[in-house]
Structures are given as C-alpha cells and as structure tokens.
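Participant: Okay, so the sequence shown: first residue is 1 according to my numbering, each after it adds one.
Structure below; questions to follow.
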Amino acid sequence: SVRNLGLEKIANTVRFPCKFASSGCPLFFYHFDKVEHEETCECRPYSCPCPGAACKWQGALNDVMDHLKKVHKSITTLQGRVTFSIPASILFQFVLILLIIWFYLRLKNAVHIVDLRK
1 SVRNLGLEKI ANTVRFPCKF ASSGCPLFFY HFDKVEHEET CECRPYSCPC PGAACKWQGA
61 LNDVMDHLKK VHKSITTLQG RVTFSIPASI LFQFVLILLI IWFYLRLKNA VHIVDLRK
C-alpha cells in the first residue's frame, strides 16, 4: 500500500475523539496517541471476570459487580473479597505443581553434608 503523506500531515494536526466517547469518555487525541489511550480507557467495555465461565458479557466497569451478583450467583462478596469455588481436579493440579516447585527449590538449595568418616 502507498502512504499518503499529505493526509498523514493533516491527521497529525487533527484531534479525534476516543472510540469510547459514546460510553462517556470525553477525551480527544492525535491519531498517534489515540490507540494507546483506548487500550486502557476507563470507559472501554470490560469482560466478565468470572473464572472458568464461558460468559460473553461485556459492560462498564461500574456494572461488573451487578453482573456477577445477577448472573453468577455462586460468587459471593464478603467485605470486598470475591470468593468462588474451584473444581477439585484443578485445585489438585495446582497443589501438585506447588509441591513439585517446593521440592525442586529445597533440593536445589540443600546444603550437602559430606560424611568424613570414610
């Protein structure tokens, strides 16, 4: 593809609205700053954070907790903490991996005692 340098120069002088303006973002950017902002914009849609769920929900950050309470009732909030159940097979694999790592680190850092009586 051929670049149009004239249009690029014009684009460098024009400020564009964030693509999440319809969701409430009031900011405008030059085209070279716009993409970086949109990746972290607070008005961007957020996906459902429910682990292990195939939930396709997306919405505003302020709506995430309401979504979890309505759709994923097995998740409860206790003093700002979110709790959920983990299937036993996944928990077992996680504990096994932790034990292997712990054993490896103990073995790697073990002080070798030499028997001098031989």
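Ideal placement from N, C-alpha and C gives every residue a C-beta, glycine not left out.
If contacts are defined as beta-carbon pairs under 8 Å, then A60 and S22 qualify, I think. What distance do you get, rounded to the angstrom?
Facilitator: Between A60 and S22 the beta-carbon gap is near 12 Å, outside 8 Å, which marks them as no contact.
Participant: Give the list of continuous alpha helix (DSSP H) stretches no shorter than 4 residues that lie fully inside the stretch 85-112.
Facilitator: 88-108
Participant: In terms of residue numbering, what span does the alpha helix (DSSP H) encompassing F32 cover?
Facilitator: 31-40 is the extent of the alpha helix (DSSP H) around F32.
Participant: Would you check if there are 3 or more beta carbon pairs closer than 8 Å linking the stretch 87-96 to the stretch 58-72?
Facilitator: no
Participant: For the alpha helix (DSSP H) containing A54, list its first residue and its last residue.
Facilitator: That residue, A54, is in no alpha helix (DSSP H); it is neither H nor E in DSSP.
Participant: Look up S1 in the DSSP assignment and say whether it is helix, strand or coil.
Facilitator: coil
Participant: In three-state DSSP terms, what is S22?
Facilitator: In the structure shown, S22 adopts helical secondary structure according to DSSP, grouped into three states.
Participant: For R15 and F29, which I take to be in contact (beta-carbon distance under 8 Å), what is that distance rounded to the nearest angstrom?
Facilitator: About 6 Å separates the beta carbons of R15 and F29, which is inside the 8 Å limit, making them a contact pair.
Participant: I'd like to check one pair, C18 with H37: are the Cβ atoms closer than 8 Å?
Facilitator: yes
Participant: Residue range of the alpha helix (DSSP H) that H67 falls in?
Facilitator: Residues 64-71.
Participant: Between F120 and the rest of its own chain, which residues show a CB-CB distance below 8 Å, the 5 nearest in sequence each way excluded?
Facilitator: There is simply no residue 120 to check, as the chain begins at 1 and stops at 118 in what is shown.
Participant: From which residue to which residue does the beta strand (DSSP E) around R15 run?
Facilitator: Here the beta strand (DSSP E) through R15 covers 15-17.
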